[in-house]
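There are 2 protein chains.
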Amino acid sequence: MTVNTASPVLVVGSVALDSVETPFGRADDVLGGSGTFFSSAASHFAPVQLVGVVGDDYPVEKLAVLTERGVDLSGVEQTAGSSFRWRGRYRHDLNAAETLETHLGVFSHFAPKIPEKFRRAPFVFLANIDPRLQLQVLEQVEKPRLVACDTMNFWIESRRPELLELLKHVDLITLNDGEARQLTEHTNLVHAARWILDRGPRHVLIKKGEHGAFMFTKDSVFFAPAYPLESVFDPTGAGDSFAGGFIGHLAATGDLSDRGMRRAVVVGSAMGSFAVEKFSNTRLLEITRADIDARVQEFRQLVAFDADMSA
Amino acid sequence: MTVNTASPVLVVGSVALDSVETPFGRADDVLGGSGTFFSSAASHFAPVQLVGVVGDDYPVEKLAVLTERGVDLSGVEQTAGSSFRWRGRYRHDLNAAETLETHLGVFSHFAPKIPEKFRRAPFVFLANIDPRLQLQVLEQVEKPRLVACDTMNFWIESRRPELLELLKHVDLITLNDGEARQLTEHTNLVHAARWILDRGPRHVLIKKGEHGAFMFTKDSVFFAPAYPLESVFDPTGAGDSFAGGFIGHLAATGDLSDRGMRRAVVVGSAMGSFAVEKFSNTRLLEITRADIDARVQEFRQLVAFDADMSA
Chain H
112 MTVNTASPVL VVGSVALDSV ETPFGRADDV LGGSGTFFSS AASHFAPVQL
162 VGVVGDDYPV EKLAVLTERG VDLSGVEQTA GSSFRWRGRY RHDLNAAETL
212 ETHLGVFSHF APKIPEKFRR APFVFLANID PRLQLQVLEQ VEKPRLVACD
262 TMNFWIESRR PELLELLKHV DLITLNDGEA RQLTEHTNLV HAARWILDRG
312 PRHVLIKKGE HGAFMFTKDS VFFAPAYPLE SVFDPTGAGD SFAGGFIGHL
362 AATGDLSDRG MRRAVVVGSA MGSFAVEKFS NTRLLEITRA DIDARVQEFR
412 QLVAFDADMS A
Chain D
112 MTVNTASPVL VVGSVALDSV ETPFGRADDV LGGSGTFFSS AASHFAPVQL
162 VGVVGDDYPV EKLAVLTERG VDLSGVEQTA GSSFRWRGRY RHDLNAAETL
212 ETHLGVFSHF APKIPEKFRR APFVFLANID PRLQLQVLEQ VEKPRLVACD
262 TMNFWIESRR PELLELLKHV DLITLNDGEA RQLTEHTNLV HAARWILDRG
312 PRHVLIKKGE HGAFMFTKDS VFFAPAYPLE SVFDPTGAGD SFAGGFIGHL
362 AATGDLSDRG MRRAVVVGSA MGSFAVEKFS NTRLLEITRA DIDARVQEFR
412 QLVAFDADMS A
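Taken in sequence, the protein lines are chains H and D. The opening position of the first sequence corresponds to residue 112 in the working numbering, with each subsequent residue numbered one higher. The opening position of the second sequence corresponds to residue 112 in the working numbering, with each subsequent residue numbered one higher.
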């Protein structure tokens, strides 16, 4: 398996500037956004095609690190106006981000235009944007092998009909446990997953942050823990890095069997665990394939047990 | 492996009457208490010796179900006064019990007296009672192979020196994530576990309820998810049932290797998952070894993945 034989992955999401405070330090105007984290993680496995928008104030030279990793930025439009900025803070428990400021800027008028050369990407990730825009992306692509989407509480509240329409057209949805409960009005995650599976996707990936992730299908359920890190530095972008590792690995192997999907969840968990070790996408860009493989083996050790009760 | 070849397990804990309200119904004055849940779970694997106290109002005929399962109740003293009663409620999310009433009764004067014939039990579980009493139990037993203890926030606050002394004398402690953080003043569970490991126990079992459980040693970490149940009926007693399955399985196999300990954690998780399916210890008493083995295999399927990244 090499990047050369991997299928391209198209991702449509945000490219932002984050300012983050954690108990361990702060970072100002660093690379952020769902598209950025996803691309950084996925680029370890497959060629990535990123579609997004930045303002004319965006320090585009900062994106060179993505180009160097084989991320095609020709779908990132630069338009007049200010860039998407997010400022947030994590308290000591690091569980929930406290948003101090969100400035959407040019992102509020984002209308994704998929470049001609991106339209046949076999793997598509619709990061967390307005479901109406996610649907518009699907109108522009040609028979992808796998379409996955993310969403959030804001869209579940304000764009419910469009989100339900989107579900009919995606193979997989990733969302966190709170969002799954909000969308389905089921407290029990097994019930919540089944509700979603009945509305389109063949796979539902429910992320529980530090508590791991479930992948549900009609026939099976798989659980991958979050890696018990000694130092979680900045949780920003963990979910999108997870998705990047997950979809990137699928694009690299082409294996969409239950076996392939399970391994991809673990690769996603590994990438999420790296993402939180430093600010921004710094750690994702440092690590090698050997680091990733080693962490996947650590996940193996973490859950390994012998189920033979007679021994 | 049969119960006949298993070593006896001594448990010292509460025998109570619980009244529980959940979104699915209510139960009044049903069998409860840490000793009861532990015994019910452990009795599937090993002979259990229970030490506790009940008041003269206790419907002792209700305990016959334990005797029938091979639990030796000769250490359960009946004294003048009222029995330990707990009344609690679970809201829709079932995560946290809301205690409506705690009446300690005779339990507030409990001074465990270990019957002569129980003093050589190779496996000892000190359920959640005053650490001073837990220490008194250890003075009465003779060289057990494994001593495990549980504790809670109240003792961490009010009996810290005694709890730290106890840590020097136990092989294993079980506590939930909040208690681990409170005891160690470390938010990060890896740090919290190391803090505890530095103070005596060779194994630290951190229970996260519906989010699974970690077992830490100086050399390794193991994680077992909670089983994703479709219907959690009543979470009361899940932790003690977990401990009962865990210690009971160890007593049955005698295998305290890393391999044996990991499997015991999964057996514990299985017993915890059964406990919550009905009120009180009802479900624990219904299930067979075949049910338990089947659930252990379901845990295996839940976390199974192929870590070979080249395939």
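All residues carry an ideal CB built from backbone N, CA and C; glycine is no exception. The model shown is predicted, which means the values in this text are computed figures rather than measured ones.
The straight-line gap separating the alpha-carbon atoms of LEU205/D and VAL159/H is approximately 42 Å.
When the beta-carbon positions are compared, PRO336/H and PHE334/D come within less than 8 Å of each other.
Residues of the region 265-291 of chain D with a Cβ closer than 7 Å to any Cβ of chain H: none. Relative to the Cα of PRO226/D, the nearest Cα in the group ASP402/D, ASP345/D, ASP282/D and GLU250/D belongs to GLU250/D.
Relative to VAL414/D, the option among GLY323/H, HIS220/H, MET382/H and VAL123/H whose CA is nearest is GLY323/H. In this structure, the CA atom of HIS220/H is about 29 Å from the CA atom of LYS318/H. The shortest C-alpha to C-alpha distance from VAL182/D to any of ASN287/D, GLY144/D, GLY383/D and VAL122/D is the one to VAL122/D. For HIS322/H, the closest Cβ of chain D is nearer than 8 Å. VAL377/D is classed as buried because its beta carbon has at least 16 other beta carbons within 10 Å across all chains shown. LEU396/D and VAL176/D have their C-alpha atoms spaced approximately 8 Å apart.
For the region 309-321 of chain H, the set of positions with a beta-carbon nearer than 9 Å to some beta-carbon of chain D reads LYS319 and GLU321 in chain order.
Residue GLY144/H holds the alpha-carbon nearest to the alpha-carbon of HIS214/H among GLY144/H, GLU409/H and ASN264/H. Residues of chain H whose Cβ lies closer than 8 Å to the Cβ of GLN408/D are, in chain order, ALA418. If you draw a straight line from the Cα of GLY365/H to the Cα of MET372/H, it is about 10 Å long. DSSP, read as helix, strand or coil, puts MET372/D in helix.
Around the beta carbon of LEU294/D, 16 or more other beta carbons sit within 10 angstroms, so the residue counts as buried. PHE229/D sits close to GLY186/D, with the two beta carbons spaced by under 8 Å.
Within chain H, the residues whose beta carbon sits less than 8 Å from that of THR298/D are HIS203, ASP204 and LEU205, listed in sequence order. Relative to the Cα of GLN412/D, the nearest Cα in the group PHE149/D, TYR338/D, VAL217/D and LEU316/D belongs to TYR338/D. Inter-residue distance for GLN189/H and PRO134/H is about 34 Å (C-alpha atoms, whole angstroms). In chain order, ALA337, TYR338, LEU340 and ARG406 place their CB closer than 7 Å to the CB of SER384/H, counting only its own chain and leaving out the 5 sequence neighbours on each side. Between the region 147-159 of chain H and the region 265-274 of chain H, the count of C-beta pairs closer than 8 Å stays below three; the two stretches do not touch. Against chain H, the CB of HIS302/D has a partner CB under 8 Å away; the residue lies at that interface. Among the residues of chain H, none has a CB under 9 Å from the CB of LEU249/D; the nearest is roughly 30 Å distant.
DSSP places GLY350/H within a helical segment (H, G or I) once states are collapsed to three. With respect to ALA208/H, PHE149/H sits apart: the two C-beta atoms are not nearer than 8 Å. Among the residues facing chain H, PRO346/D is not included, as its CB has no counterpart in that chain under 8 Å away. A check of alpha carbon separations from ALA375/H across ASP330/H, SER352/H and GLN245/H identifies SER352/H as the nearest. Residues of the region 328-354 of chain H with a C-beta less than 8 Å from any C-beta of chain D: SER331, VAL332, PHE333, PHE334, ALA335, PRO336, PRO339, LEU340, GLU341, SER342 and VAL343, listed in chain order. The Cβ atoms of LEU316/H and ASP282/H do not sit closer than 8 Å to each other. Against chain H, the CB of PHE325/D has a partner CB under 8 Å away; the residue lies at that interface. For ILE284/H, no alpha helix (DSSP H) encloses it; the enclosing beta strand (DSSP E) starts and ends at 283-287. Straight through space, the alpha carbons of GLY163/D and PRO223/D are spaced by roughly 7 Å.
With its beta carbon at least 8 Å from every one in chain D, ASP167/H lies outside the interface. Its Cα nearest to that of ARG305/H, the residue PHE325/H stands out among PHE325/H, PHE195/H and ARG202/H.
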